[in-house]
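Encoded as structure tokens, the structure appears first; notes follow it.
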Amino acid sequence: STLVALGLVWKFMLHSRIGPINELIAALGLQRIDFFNNPSIAIFALAAIGVWHLVGFNMILFLAGLTGIPRDLYQAAAIDGADGFWDRLFRVTWPMLGPTTIFVTITSTITAFQVFDTVAVITHGGPAGSTDVILYQLYQASFQYFETGYASALTVVFLIIMMAISAVQIFAARGVHYS
């Protein structure tokens, strides 16, 4: 329900005639952009909505990771010669954010594969199938066309993709834990 509301708000915001973003584009003297009816940019508009949707959650995770870095490490790095901002960033901060980065990357990837609500509300898989993602195809096969065999095959493919992503997470996260 929250993602449906999010989709409706962004459908209005990016509307080609009455959307505030296109009004701003027109006020700048540029040509209006039909974000959801242009096959070459519709998927990118949906991706931008997905990124906007996740950025707050991911920011909170990174802030929690930053607060978990002991100040002693920065002092030790300064003693070892890491005196600039970039030295501290690449030698202390970023390595210590490794587990958080892995977690955010994997959860964001899985969430990207699970996009359904915004596609169903905004584009219905169009234009010309350019935003037809696997879960929307699964929905259509199951509940619109009643092709249970095809829907089952899509479910298995989706399961295999999610298992592969999870395996990558487990493999990548093995060497990234600090205490």
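In terms of the working numbering, the sequence shown opens at residue 3 and continues consecutively.
Think of the CB as a built atom: it goes at the ideal place given N, C-alpha and C, for glycine as much as any other residue.
Residue i, enclosing alpha helix (DSSP H) - first and last residue
{"i": "Tyr-138", "result": "136-141"}
{"i": "Ile-124", "result": "First-last for Ile-124: undefined, no H or E at that position."}
{"i": "Asp-74", "result": "73-81"}
{"i": "Val-57", "result": "44-69"}
Own chain residues within Cβ distance below 7 angstroms of residue i, not counting five before or after
{"i": "Thr-102", "result": "Leu-63, Phe-64, Gly-67"}
{"i": "Val-6", "result": "Asp-119, Val-123"}
Whole-number beta carbon distance between residue j and residue i, since they are thought to touch under 8 angstroms
{"i": "Phe-45", "j": "Ser-132", "result": "Just to set this straight, residue 45 is Ile in the shown sequence, not Phe. Contact flag correct, Cβ pair sits at about 6 angstroms."}
{"i": "Thr-113", "j": "Leu-26", "result": "Actually they are not in contact, since the Cβ atoms of Thr-113 and Leu-26 sit about 28 angstroms apart, beyond 8 angstroms."}
{"i": "Leu-16", "j": "Ala-47", "result": "6 angstroms"}
{"i": "Arg-90", "j": "Ala-79", "result": "6 angstroms"}
{"i": "Ile-81", "j": "Ile-167", "result": "With 8 angstroms as the limit, Ile-81 and Ile-167 do not qualify as a contact, their Cβ atoms being about 40 angstroms apart."}
Among the options, nearest to residue i - alpha-carbon criterion
{"i": "Ala-9", "options": "Phe-59, Asp-119, Gly-31", "result": "Residue identity differs from the one stated: residue 9 is Gly in this sequence, not Ala. Comparing Cα-Cα distances from Gly-9 to each of Phe-59, Asp-119, Gly-31, the minimum goes to Asp-119."}
{"i": "Asn-37", "options": "Ala-29, Ile-20, Gln-171, Gln-77", "result": "The amino acid occupying residue 37 in the given sequence is Phe; Asn does not appear at that position. Here the closest residue by C-alpha is Ile-20."}
{"i": "Phe-1", "options": "Leu-91, Val-159, Leu-99", "result": "No answer is possible for residue 1: it lies beyond the span of the chain, which begins at 3 and ends at 181."}
{"i": "Ile-35", "options": "Lys-13, Val-117, Ile-71", "result": "Lys-13"}
{"i": "Pro-97", "options": "Ile-81, Leu-75, Ile-108", "result": "Leu-75"}
Cut-off 6 angstroms between Cβ atoms - residues of its own chain near residue i, not counting five sequence neighbours on either side
{"i": "Ala-175", "result": "Ile-104"}
Beta-carbon contacts of residue i that lie in its chain and below 8 angstroms, excluding the five residues immediately before and after
{"i": "Ser-144", "result": "Thr-150, Ala-153"}
In chain order, each alpha helix (DSSP H) run of at least 4 residues that lies wholly inside the stretch 3-40: List check, alpha helix (DSSP H) in window: 4-15, 22-29.
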